[in-house]
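So the structure is just underneath, and the comments pick up after that.
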Amino acid sequence: RQLKKHYGGKKPLFGPAPNPLRAVDGISFDVIEGETFGIVGESGCGKTTLGRCIARALEPTDGQMLYRPKDEKEPVDLARLKGKALRPYRLDVQMIFQDPISSLNPRMTLLDIIGEPMIVNGLAKGAEVKRRVGELLERVGLRADHMSRYPHAFSGGQRQRIGIARALALNPRVIVCDEPVSALDVSVQAQILNLLQDLQTEQNLTYLFIAHDLGVVEYLCDRVAVMYVGEIVELSDTERLFDKPLHPYTEALMSAVPEANPYSVRQPKILEGDLANAVNRPDGCHFHPRCSYCVNRCRTEEPQLRELEPGRWVRCHRAEELSLSGASDTLVEG
Ligand code: SF4
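The structure is reproduced here in structure tokens:
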């Protein structure tokens with residue numbers, strides 16, 4: 016609820032305080048147990064910072080992160096907890112990282128990489144650790160007898176499987192997947208996505224799936240939030256979002272997805288300029304300098320995120336009157 020992560024902005028001894036970098040600026044959404052909730056946007060839009068706040072790898076500047084522990088009715092605010100008080104919830108929320116190479120310690124064997132979190136958190140010890148690491152390796156499609164090997168002996172896709180096994184080691188309920196397939200070959204991407212889906216069904220996992228690849232998001236996610244300079248500009252179930260986006264930024268992102276159809280005449284919407292500066296954001300709608308639908312009101316008045324249809328939220332003054340193109344609108348047979 017209204018989650019913020021700002022950097023800098025502290026007042027120096029002399030002179031006025033500079034503007035902070037608003038990596039995440041007042042974001043609110045719900046994640047339903049067992050779903051895959053996607054977060055998409057360009058590099059620098061704040062999606063990774065948001066994911067790291069949720070996994071409490073970063074401390075939010077402000078706002079709440081309400082989490083309902085298993086078998087309890089009342090939620091706890093993870094944004095307020097620190098140190099030992101946070102520890103039980105750390106087990107519940109794990110992370111899979113983008114880069115399967117740098118996220119694994121090259122001097123540790125798979126047994127140590129996957130077994131260490133179990134030992135540190137008192138979930139297993141001695142021979143039990145070995146047994147559970149073997150089980151986890153097999154569950155992610157690797158061989159249990161490879162546990163004495165080091166990460167460099169494995170391919171990129173296999174390393175991501177190791178990262179997934181490590182995330183599963185603490186029996187989490189929620190996994191924040193930070194672009195888990197973007198560093199992998201396309202053929203390997205499909206295997207990892209299918210593995211994530213199978214694990215979700217087996218263990219009723221909830222995924223927060225951060226990505227910039229809309230094809231991956233459409234394949235995997237139940238609902239999607241589109242981020243632009245630290246804010247959500249559109250939130251919807253995946254089907255309606257891809258069928259008919261409500262925000263011009265979403266439309267532009269979709270038009271950039273390559274089509275495998277030789278009869279496609281889709282014209283990509285080229286966005287002018289770069290992503291807005293998160294320190295000095297444009298007045299009014301932060302997207303207005305790049306928006307081809309911009310009118311005077313957009314330059315002065317900041318739009319709020321509002322529910323246009325049940326379950327569909329958008330931050331645009333003109334969402335009702337615009338008729339934007341979805342992912343398949345511009346295909347023509349002939
Ligand atoms: Fe474009 Fe105006 Fe909507 Fe912003 S508010 S996205 S500038 S039409």
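Counting in UniProt numbering, the sequence shown runs from 16 upward without gaps. Built from N, CA and C at the ideal position, the CB exists for glycine as well.
Under 9 Å between C-beta atoms of residue i and residue j
i	j	result
VAL231	VAL191	no
ARG154	ALA180	yes
ALA240	LEU250	yes
residue 350	ILE247	Outside the shown range of the chain (16 to 349) lies residue 350, about which nothing can therefore be said.
MET242	ILE42	yes
ALA198	PRO121	no
GLN212	LEU235	yes
VAL294	PRO103	no
Spatial distance of residue i from residue j (CA atoms)
i	j	result
PRO187	CYS313	43 Å
VAL55	HIS227	5 Å
PRO27	ARG37	18 Å
GLY341	PHE302	19 Å
CYS300	GLU316	7 Å
GLY61	ARG296	14 Å
GLY178	PRO260	34 Å
LEU346	PRO263	Annotation note: pLDDT 49 at LEU346 (below 50); position unreliable, no value reported.
PRO132	PRO33	40 Å
THR76	ALA100	18 Å
GLN170	ASP200	A quick correction: the sequence has Ser, not Gln, at residue 170. In a straight line, the C-alpha of SER170 is about 11 Å away from that of ASP200.
GLY245	ALA159	42 Å
GLY349	ALA267	Residue placement at GLY349 is flagged as unreliable, the pLDDT there being 43, under the threshold of 50; a coordinate-derived value is accordingly withheld.
CYS331	TYR308	10 Å
MET162	GLY59	37 Å
LEU214	GLN206	12 Å
ARG176	LEU157	8 Å
ARG95	GLN79	7 Å
PRO304	GLU287	8 Å
LEU151	GLY172	16 Å
TYR82	ARG16	11 Å
GLU57	LEU290	8 Å
ALA72	THR63	11 Å
heavy atom of the ligand SF4 below 8 Å from residue i C-beta
i	result
PHE302	yes
HIS262	yes
CYS331	yes
CYS60	no
ALA334	yes
ARG312	yes
VAL337	Checking the sequence shown, residue 337 turns out to be Leu, not Val. Yes, Cβ of LEU337 sits closer than 8 Å to a heavy atom of the ligand SF4.
TYR308	yes
PRO318	yes
Reduced DSSP category for residue i - H, G, I as helix; E, B as strand; rest coil
i	result
ARG321	strand
ILE47	coil
HIS227	coil
GLU348	With a pLDDT of 48 at GLU348, under the threshold of 50, the modelled position of that residue is not reliable, and the figure given next carries that caveat. In this structure, GLU348 counts as coil in the three-state DSSP scheme.
GLY156	coil
HIS301	coil
ALA182	helix
SER338	coil
MET110	strand
ARG296	coil
ARG238	strand
residue 15	In the structure displayed, the chain extends from 16 to 349; residue 15 sits before or after that span and is not available.
GLU233	helix
Quick check: the stretch 18–28 against the stretch 55–69, are there 3 or more CB pairs under 8 Å?
yes
Taking 8 Å as the threshold, find out whether the stretch 325–334 comes into contact with the stretch 251–259 through three or more Cβ pairs.
yes
Contact between the stretch 206–226 and the stretch 42–58 is defined here as three or more beta-carbon pairs at a separation below 8 Å; is this criterion met?
yes
Pairs of beta-carbons, one from the stretch 124–138 and one from the stretch 87–95, closer than 8 Å: are there three or more?
no
Decide if the stretch 102–111 is in contact with the stretch 142–161; the criterion is three or more beta carbon pairs, one per stretch, under 8 Å apart.
Result no; under three Cβ-Cβ pairs closer than 8 Å.
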